[in-house]
Amino acid sequence: MHVQKHFGKQGILLVNLGTPDEPTPRAVNRYLGEFLTDPRVIDNLPGPAQQLLVRGIIAPIRSGIVNPFKPGGSTKLYQELWTENGSPLKYYGEILTEAVAKEMGDDFIVRLAMRYQNPSIADALKELMDAEVSSITIFPLFPQYASATTGSVHQEVMRLLSKEQIIPNVNMVNSYYEHPDLIRVFADNARDLGPMDQWDHIIFSYHGLPQRQLKKGDRSGCHCYADGTNACCSSISRVNQFCYSAQCHATTRAIVAELGLSEGSYTTSFQSRLGFDDWAKPYTIDVLEDLAKNKGAKKLLCFSPAFVADCLETTIEIGLEYQEEFEEWGGEHIQLVPSLNGDPRWIAAVVEMLREEVGSNVVL
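Numbering (this note's numbering), first residue to last: 16 to 379.
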């Protein structure tokens, strides 16, 4: 075994999900059209039907493109999310990329890309290939693996690189759902808000996925939801090592251990459900209702550990929409643990994980 020689610089590609270029009906329509026609996102329709449904109905209505003078629901939400720096997801991604490049040094070229829209994976890869890098490390900004996020990023990278005559060494990071540095940053952000016993309950809310997608990832066919519940996610094993739900529960357990939380003081749940199919349970909105109506909870602390930057699912869904629902049910306040954004501790964690990855790139 010897360490792979690098005659050129090494490339690093940080990838997040994506964002519209601006909070307008046309831009949101373009974004939703690309996002929702990904067969890894909507995986239960044949291609032509998916294209027709998304581009002909869903995206135009949700963006308001059919009536640009009356923005649709998604456009309104992006307008609420937008800041003077633009999209938080892109803004904090740029801060992270610049800081990581500085810390990694002159032997690395670091670029940011979005799976959907801009900056695109295609443009970022072209820059790295034009720079004649000797390797490319793909680092998705999703701590937990899911086919619709990390899997889609990896597939798009492979699709684009397959067109190249020469393909450099490629290292694809799968997940880092319980990496100690990541867990410590989430835990520290909670500690910064004060003692844990001031909260009536603590919620770990992750983006949801349809149960059918979770079951598709079970190659054994006899583990995922085998008893009709998600008890199969109580530990990580060979069978479910890449299961999104199992990794989410593992992230919760790691943060709980770091904070020393007691059993019964917290709940893992899933948000952003769409359609009528069963998704990963319990649903965050149901947990909130039960805590307010039946448990008399007034003050909640909410982690959102599937996201590393402010976005619709954190700032708007939890911070605004869930807060309103919670108050209607008798609750008072949901305190969202700040996202990682451009936190120096998060930047240091990414640099450490990248150094572990590029340092382990060896050839037998």
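The beta carbon of each residue, even a glycine, is placed where N, CA and C say it ideally should be.
Fair warning: this is a prediction, and the values are worked out from it, not measured in the lab.
Among I136, R130 and P35, nearest to Y10 - alpha-carbon criterion: Because the chain in this structure spans residues 16 to 379, residue 10 falls outside the shown range and cannot be described.
What's the C-alpha gap between L47 and S78? 8 Å
For N186, which of helix, strand or coil comes out of DSSP? Three-state DSSP puts N186 in a strand.
Is the beta carbon of L104 less than 9 Å from the beta carbon of G33? Against a cut-off of 9 Å, the Cβ pair of G33 and L104 comes out as a contact.
Taking the alpha-carbon positions, what's the V378 to N184 distance? Its pLDDT being 42, under 50, V378 is placed unreliably by the model, and the measurement read from it follows with that caveat. Cα-Cα distance, rounded: 10 Å.
Tell me whether L156 sits in a helix, a strand or coil according to DSSP, three-state version. Correct three-state label for L156: coil.
Among N31, T283 and G23, which one has its Cα closest to the Cα of C326? N31
Sufficient close CB pairs (3 or more, under 8 Å) joining the segment 124-137 to the segment 58-77: Under the Cβ criterion (8 Å, minimum of three pairs), the segment 124-137 does not count as touching the segment 58-77.
Alpha carbon to alpha carbon, what distance is there between P225 and I331? Taking the straight line joining both Cα atoms gives about 22 Å.
If you draw a straight line from the C-alpha of F22 to the C-alpha of S149, how long is it? 6 Å
Taking the C-alpha atoms as reference points, what is the distance between E95 and Y106? 16 Å
Please classify G346: is it buried, with 16 or more other beta-carbons within 10 angstroms of its beta-carbon, or exposed? When all chains shown are included, G346 counts as buried.
Could you check what DSSP says for Y259 in three-state terms: helix, strand or coil? helix
What is the rounded straight-line gap between the Cα of P86 and the Cα of A42? 11 Å
If you check the beta carbons only, do G108 and M211 fall under 9 Å apart? no
How about Y259 and L229: do their beta carbons lie closer than 9 Å? yes
Which word fits F322, buried or exposed, when buried means at least 16 other C-beta atoms lie within 10 angstroms of its C-beta? F322 counts as buried, since no fewer than 16 other beta carbons sit within 10 angstroms of its beta carbon.
For the segment 151-168 against the segment 256-270, are there 3 or more C-beta pairs whose distance is under 8 Å? Taking one beta carbon from each stretch, the segment 151-168 and the segment 256-270 have 3 or more pairs nearer than 8 Å; the two touch.
So the candidates are S135, I362, R199 and T164; which of them puts its Cα closest to the Cα of R55? T164
Would you list the one or two residues that DSSP bridges to M129? N31 and S135
Just the Cα atoms here: how many angstroms apart are A139 and V168? 13 Å
Is DSSP giving G346 helix, strand or coil here? Here G346 carries a coil assignment [DSSP, helix/strand/coil].
In this structure, does DSSP put H238 in helix, strand or coil? Note: H238 maps to coil in three-state DSSP.
Where does the unbroken beta strand (DSSP E) through F318 begin, and where does it stop? K314 to F318
If you measure between the beta carbons of H264 and L315, is that distance less than 9 Å? no
So who's on the other strand from S150, going by DSSP bridges? Q25 and N184
Under three-state DSSP, which class holds V378? Because V378 sits at a pLDDT of 42, beneath the cut-off of 50, its placement in the model cannot be relied upon, and the following sentence gives the value as read from the coordinates. DSSP places V378 in strand when its eight states are reduced to three.
Within a Cβ cutoff of 7 Å, which residues of the same chain sit near I251, ignoring the five residues on either side of it in sequence? A261 and A265
P61 classed as buried or exposed, judged by whether at least 16 other C-beta atoms fall within 10 angstroms: exposed
Confirm, please, whether the CB-CB distance from W214 to Q338 is below 9 Å. no
Neighbourhood of I198 by C-beta distance below 6 Å, restricted to the same chain and skipping five residues each side: A269, I270 and E273
Where S249 sits in the DSSP three-state scheme: Coil, per DSSP.
In this structure, how does DSSP classify F341 when only helix, strand and coil are distinguished? helix
So for G334, helix, strand or coil by DSSP? helix
Compute the distance between the beta-carbons of R370 and M187, then report whether it is under 9 Å. no
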